[in-house]
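Chains as they are written, first to last, in our numbering: chain A, 840 to 1190; chain B, 10 to 397; chain C, -8 to 78. For every residue, glycine included, the Cβ atom is placed at its ideal position computed from N, Cα and C. Owing to the predicted nature of the structure, the values given are computational and were not obtained by experimental measurement. In what follows, a structure is listed as structure tokens, so that the remarks can point back to it.
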Amino acid sequence: MSFYIHKTTCISPQQTFGDNIDIEQLRPSVDNKLYAVEPAYPQFKGNALRRMSKSTRIGSGAALPLLAGAPQPDGIIIGTQVSGMEENSKFLNQIIEYNEDMLTPGSFVQGTPNTISSQIALISNNKNYNITHVHRGLAFENAVIDVAMLVNESPQNTYLLGGVDEISLNNYTLDTLAGWFKKEDCSNNNLYSSATDGSLSGEGAAMFIVSGDKQGALAQLKAITTIHSTDAEVVENRIKTFLQNNLPEGEKIDLLLSGENGDRRSTHFYKNCEALQGSYTTIARFKHLCGEYPTASSFALWLACNFIGGALELPHHMLKKAGTAIGLKNILIYNTHKIGQHSCMLLSVVS
Amino acid sequence: MGVISAIGLSVAENHAALVTGKTGIIKGGGNFPSRYAGLLPFGEVLIGTEELKTRLGVTESGITRTTLLALHAFKEAIGDAQLTDEQLTAGDTALIGATTVGGMCLTDELYANTHGDTENIEYVKSFDYASVNLYLQKRYHITGVVNTMNTACSSSANAIMYGCRLIKNGLANRVIVGGADSLAKFTVNGFNALRILSDEACAPFDQNRKGLNLGEGAAFLVLEKEADVKGKKMYACLSGYGNANDAYHPSSLSPEGDGPYLAMKNALSNAKLNPADIDFINAHGTGTENNDEVESRAMLSLFGTLPNFASTKGFTGHTLGAASAIEAVYSILNIDKQELYPNLNFGQPIADTGLEPVITYKASAIKHVMSNSFGFGGNCTSLIFSKA
Amino acid sequence: MEITDLKEKLKVQIIQFLNLTDLTPADIKDDEPLFGDGLGLDSIDSLELIVLLKREYGINIQDPKEGRKVLIDINTMAAYIQQHAQK
């Protein structure tokens, strides 16, 4: 099952949105965090902006330019771990601080994760299929599977697909306590030389207009698989099977976008995936651009669409190993989140 | 099927309460630790969290009440469907769950951890929604598609729909679908801040309704292809589903109910049925001023003359992310037992719409049941179950 | 407190509480409707304002419909606060 990607936008910690996209110049992390560069939001009229969580802001902000002047998409499908966690935390904190007495409902309403998809629907008056997947490190992947099924069911339809998560004080603190973010100072330009546990915290919103129509498409999402395992051998075998089943006879992976994130506990998964490719494949990394967050694979998919469509060149700081591949026909995105959740996406040129 | 709710710990116990009209909503006397415990009525599962752990043999740390309720219903469902270990771990078995509370039921623990407590960190890995299904997936070694959905109060209807579509699209051959939510300070205070909790037992579709009662519970259903269930009990067929957005307001429905209307209409066309084919509607019917009036209007504009309808929220309270899954079980019982259960606490019809739900238990010939779920953010989903 | 001072203070509190970042107190007229065509606040804001009255002035409004009568504009809010404030 596959679909075609026609348009894409991204608000991320790098200069990825608007007219002056520049990923050559790496923007630095601040206190182990990579915060999204937020644009002005001319689309949000009057009261729309003031109660929005950051997730809703960057999610709707990235989505609305894709919808402007185009027919309504037949569905809005979003993946996010918790969406407005900061709003959620404000509400949770109020419960304790005011001892459950007379609380303000605004942050409760804005904190529910389906706010992103429903705000996009509200602003664009879209009454079609509307859904939010929240399965942590596979939230975006499940959104992709959902869209692949929708396109299979109705190939003539168009859908808005997105992955969004935000850094909030609460989830940063909790994930740091759980060991997922580095405790010592680390900068994104030497993330991969770190030999400790944890990564840098990141956030972002990537949006895609997809359909079953290949006419004018940027790229084809050819296949996706999700893997739940902490066993490196199981994961490696699944990746191998994925490539065997989905790469056309005689073709190889030209570019591997690896989700390597500087956490020494997950490095071997990425090494195994690299080892499957051989000297032909160019290997590049993206987490020093966007940081680690549950839907970071959506940022990688945005990059892959831009590389394969020729809109962007692979910057040197992303390169881990130059392969002998000359063209760019097939890109494999491999990512693992919190070690147990893995995914592979195969993006190919439109043939 | 498996279900746990305020009216029982199994499908059989839930069924017995539905037949006898025995509510699970109580005011005071439960275990829920909130200042509202004695002030507002709740549909509580009257087993403490530690007791649930013991009964279920859960010894790992960091397991939340939401997860325990889910596990309870999940175990009953896979037992009822006679799924083998080989089937559970096969790559063509999917697990799709839904929750709106997830690990956010740990308000106090999370507050401590985000305000300086770095010692007691048992729950720091469980704060999100996915933690519930990740536990089930690990415990049962599920390798197929695993997902968690959260579209507020329609979450588990969407989980059921997604699961069914996985089978139709060839991405799974059997799916375990459902939802779970525990009573939580998070949701109780949220709904209270919106002033939509009633201080009396909820009275869906009644002119003088005062709001909803929150409840807790979980339900899971096993969906398989007809060809694969030879020799096993087949309760019903999921014949249609529809999902639409109301696109009106973050926390209330549009006056004319565009979202609910479209969800029901899409479900009918997906099932290739006409309005007149529906024998019974399990309404969303939360008991709030907004929902019941709008749902009534949307049903009237779609159906003209309504079939029998009722809300079961008067039994269980509104169980949020579990509601659609629990009500899917009840809708299937309507079909399997050929009977209807009463809409509790109804006295007087809403003046504008004049609709009267079923108020007594009765036997009835039922072929197609529609089950409605509408949530915050305008997320509306309707499912249609049919006699197999 | 003088009513004019109270109105000024109230405007500052409303802007802060509802995160009306693009407004200054001078932008809010005393008789400008808070809801609908005036400031454009909605039903969730009205619940937020009831909480503001409780936290800042100790005023308990139990029934949101009662709140609607008080939360018409700055004039009606200030007058109600003068009559009912507990702190």
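DSSP places H1176 of chain A in the uninterrupted beta strand (DSSP E) bounded by 1169 to 1176. Nearest in C-alpha terms to R218 of chain B, of all of B:I16, B:I359, B:L175, B:M10, is B:I359. Boundaries cannot be given for F26 of chain C, as no beta strand (DSSP E) includes it and DSSP labels it neither H nor E. A distance below 8 Å separates the beta carbons of L1030 of chain A and G1101 of chain A. C173 of chain B and L232 of chain B have their alpha carbons spaced roughly 7 Å apart. With contacts defined as CB atoms closer than 8 Å, G199 of chain B and G296 of chain B fail to qualify as a contacting pair. Using a C-beta cut-off of 8 Å, the region 1167 to 1185 of chain A makes contact with the region 1106 to 1117 of chain A, since at least three inter-stretch Cβ pairs fall below that distance. Residue A:S956 holds the alpha-carbon nearest to the alpha-carbon of D255 of chain B among A:I1006, A:L865, A:S956, A:A1071. Interface annotation for the region 996 to 1016 of chain A against chain B: L1008, N1009, N1010, T1012, L1013, D1014, L1016, criterion Cβ-Cβ distance under 8 Å. Residue pairing by DSSP places M308 of chain B in no beta bridge whatsoever. The region 891 to 904 of chain A makes no contact with the region 1058 to 1072 of chain A; the number of CB pairs closer than 8 Å stays below 3. Contacts with chain A (Cβ-Cβ distance below 7 Å) from the region 358 to 371 of chain B involve no residue at all. For C211 of chain B, the secondary structure class from DSSP, reduced to helix, strand or coil, is coil. Contact annotation: I916 of chain A and V986 of chain A have beta-carbon atoms nearer than 8 Å.
About 3 Å separates the Cβ atoms of A227 of chain B and A189 of chain B, confirming a contact at the 8 Å cut-off. DSSP, reduced to helix, strand and coil, places F979 of chain A within a helical segment of the structure shown.
Contact between P351 of chain B and V367 of chain B holds, since their C-beta atoms are separated by about 6 Å, short of 8 Å.
R64 of chain B counts as exposed, since fewer than 16 other C-beta atoms from the protein chains shown sit within 10 angstroms of its C-beta. Assignment of alpha helix (DSSP H) within the region 864 to 947 of chain A, counting only whole runs of 4 or more residues, yields 893 to 906, 924 to 936 in chain order.
The straight-line gap separating the alpha-carbon atoms of N871 of chain A and C1025 of chain A is approximately 6 Å. Taking each of B:C114, B:I56, B:Y144 in turn and checking the Cα distance to I105 of chain B, the smallest one comes out for B:Y144. With contacts defined as CB atoms closer than 8 Å, A210 of chain B and I16 of chain B fail to qualify as a contacting pair. Residue range 1071 to 1085 is occupied by the alpha helix (DSSP H) that includes N1085 of chain A. Looking at the backbone, the Cα of N159 of chain B and that of P50 of chain B are separated by about 25 Å.
The beta-carbon of I50 of chain C is placed no less than 8 Å from the nearest beta-carbon of chain B. Secondary structure at I34 of chain B: strand, using DSSP grouped into helix, strand and coil.
Taking a C-beta distance under 8 Å as the contact criterion, K234 of chain B and Q91 of chain B do not qualify as a contact pair. For the region 37 to 49 of chain C, the set of positions with a beta-carbon nearer than 7 Å to some beta-carbon of chain B reads L38 in chain order. In this structure, P910 of chain A lies away from A875 of chain A, with their beta-carbon atoms at least 8 Å apart.
For V948 of chain A, the nearest beta carbon of chain B is closer than 8 Å to its own beta carbon.
For V231 of chain B, DSSP records a beta bridge to B:I185. For I35 of chain C, the chain A residues whose C-beta falls within less than 7 Å of its own C-beta are P944, G945, V948, listed in chain order. Chain-ordered listing is empty here: chain A has no CB closer than 8 Å to the CB of T15 of chain C, the nearest sitting near 14 Å.
For N932 of chain A, a Cβ of chain B is located within less than 8 Å of the residue's own Cβ. Chain A has no Cβ within less than 8 Å of the Cβ of L1 of chain C.
Residues Y880, R896 of the same chain have their beta carbon placed closer than 8 Å to that of L888 of chain A, with the five preceding and five following residues left out of the count.
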